[in-house]
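Trainee:
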Amino acid sequence: MGSAASGRLLGVLVLAAALALAGCGQTTDLRLEGVSGTAAALGVQDVPTGQSVSFGSIMLCLSRAGSATLRSVAVHQPTGDIEVQAFAVRPNPFTRGLEGVGSARGAISDLHADLDPSAPGKTVAGVCAADPTKPTDAESAHSVELVVQVARGGGDVAGGSALDVVYEAGGSTRTAVIPFGVWLCAAACPPEANALYKP
């Protein structure tokens, strides 16, 4: 084989390898719906030790077409003694004329008939809006509300600025740090427990 032909063959092989690696590098990432860099936190005050509080309106979507199955949720880098007792998902309630959970004292199972923490296959399959500043109704309808039930084990303040959500997608297990903070306070909560940051 001449040097020109072998050079062309080498070029084709390099291009094919690059395309294969690019395809393998595509992952389905779990995200908080909205503009990248947006973060929120919600705190509930005057919460007795051990009382369950449920937080919702945490809207999730995917970076690309696919499916993600949620396996566990924990408070990211927690302050104080806080435990995630249960979690559940449901289709976007806002696009169905319903309200999001927000925060509510009590267990998830006491809130809504369509929220079941024991249900298998807690799945997110909707792709995030192409333009998160102007999501279409169809794009919003495919997002999923995550609801998390937590309790404070002791201390005056317990919580964290984000949630660690372990999920399976595309044959691998990953952890998404969802920038939605949850806080439980024995008395008043600090300012960072109720905040919305947009870039």
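To convert, note that position 170 of the sequence shown is 173 in our numbering; the numbers rise steadily by one, no gaps. Note that CB positions come from ideal geometry on N, CA and C, so glycine has one too.
(1) Short of 6 Å in beta carbon distance, which residues of its chain neighbour Ala21, apart from the five on each side in sequence? Order them along the chain.
(2) Ile61 to Ala191, Cα distance in whole Å?
(3) For the region 156-176 against the region 71-87, are there 3 or more C-beta pairs whose distance is under 8 Å?
(4) In this structure, does DSSP put Glu142 in helix, strand or coil?
(5) Which same chain residues end up closer than 6 Å to Ala89 when comparing Cβ atoms and leaving out the 5 residues on each side of it in sequence?
(6) Restricting to Cα atoms, I'd like to know which of Gly100, Phe58, Gly53, Gln54 is closest to Ala43.
(7) Let me know if Lys137 comes out buried or exposed under the rule of 16 or more other beta-carbons within 10 Å of its beta-carbon.
(8) Quick check on the DSSP output: the beta strand (DSSP E) that includes Leu149 runs from which residue to which?
(9) With DSSP run on the structure shown, which of helix, strand or coil describes Arg67?
(10) Roughly how far, in whole angstroms, is the beta-carbon of Val180 from the beta-carbon of Asp159, given that I think they are within contact range, below 8 Å?
(11) Please name the residue in Ala128, Gly105, Ser55 whose C-alpha comes closest to that of Ser66.
(12) By how many angstroms is the C-alpha of Phe183 removed from the C-alpha of Asp84?
(13) Per the DSSP calculation, Arg93 is bridged to which residue(s)?
(14) Could you round the C-beta distance between Cys64 and Arg93 to whole angstroms and report it? I think they count as a contact, below 8 Å.
(15) DSSP on Ser112, reduced to helix/strand/coil?
(16) Would Val38 be called buried (16 or more neighbouring beta carbons within 10 Å of its own) or exposed?
(17) Beta-carbon within less than 8 Å of Ser70's beta-carbon, same chain only, minus the 5 sequence neighbours each way: which residues are those?
(18) Do you know how far the Cα of Gly156 is from the Cα of Glu86?
(19) Assign Ser175 to buried or exposed, taking buried as 16 or more other Cβ atoms, counted over all protein chains shown, within 10 Å of its Cβ.
(20) Near Val205, what residues of its chain come up, given a Cβ to Cβ distance below 7 Å and the 5 sequence neighbours on each side ignored?
Mentor: For this structure:
(1) A caution first: Ala21 carries a pLDDT of 32, below 50, which makes its placement in the model too unreliable to give a value.
(2) 23 Å
(3) yes
(4) helix
(5) Ile111, Pro120, Gln152
(6) Phe58
(7) exposed
(8) 147-163
(9) coil
(10) Not confirmed; about 25 Å, so no contact.
(11) Ala128
(12) 18 Å
(13) Glu148
(14) Their Cβ separation, rounded to whole angstroms, is 14 Å, which puts Cys64 and Arg93 out of contact at 8 Å.
(15) helix
(16) exposed
(17) Thr31, Thr126, Val127, Ala128, Ala172
(18) 7 Å
(19) exposed
(20) Not covered by the structure: residue 205. The range shown for the chain is 4 to 202.
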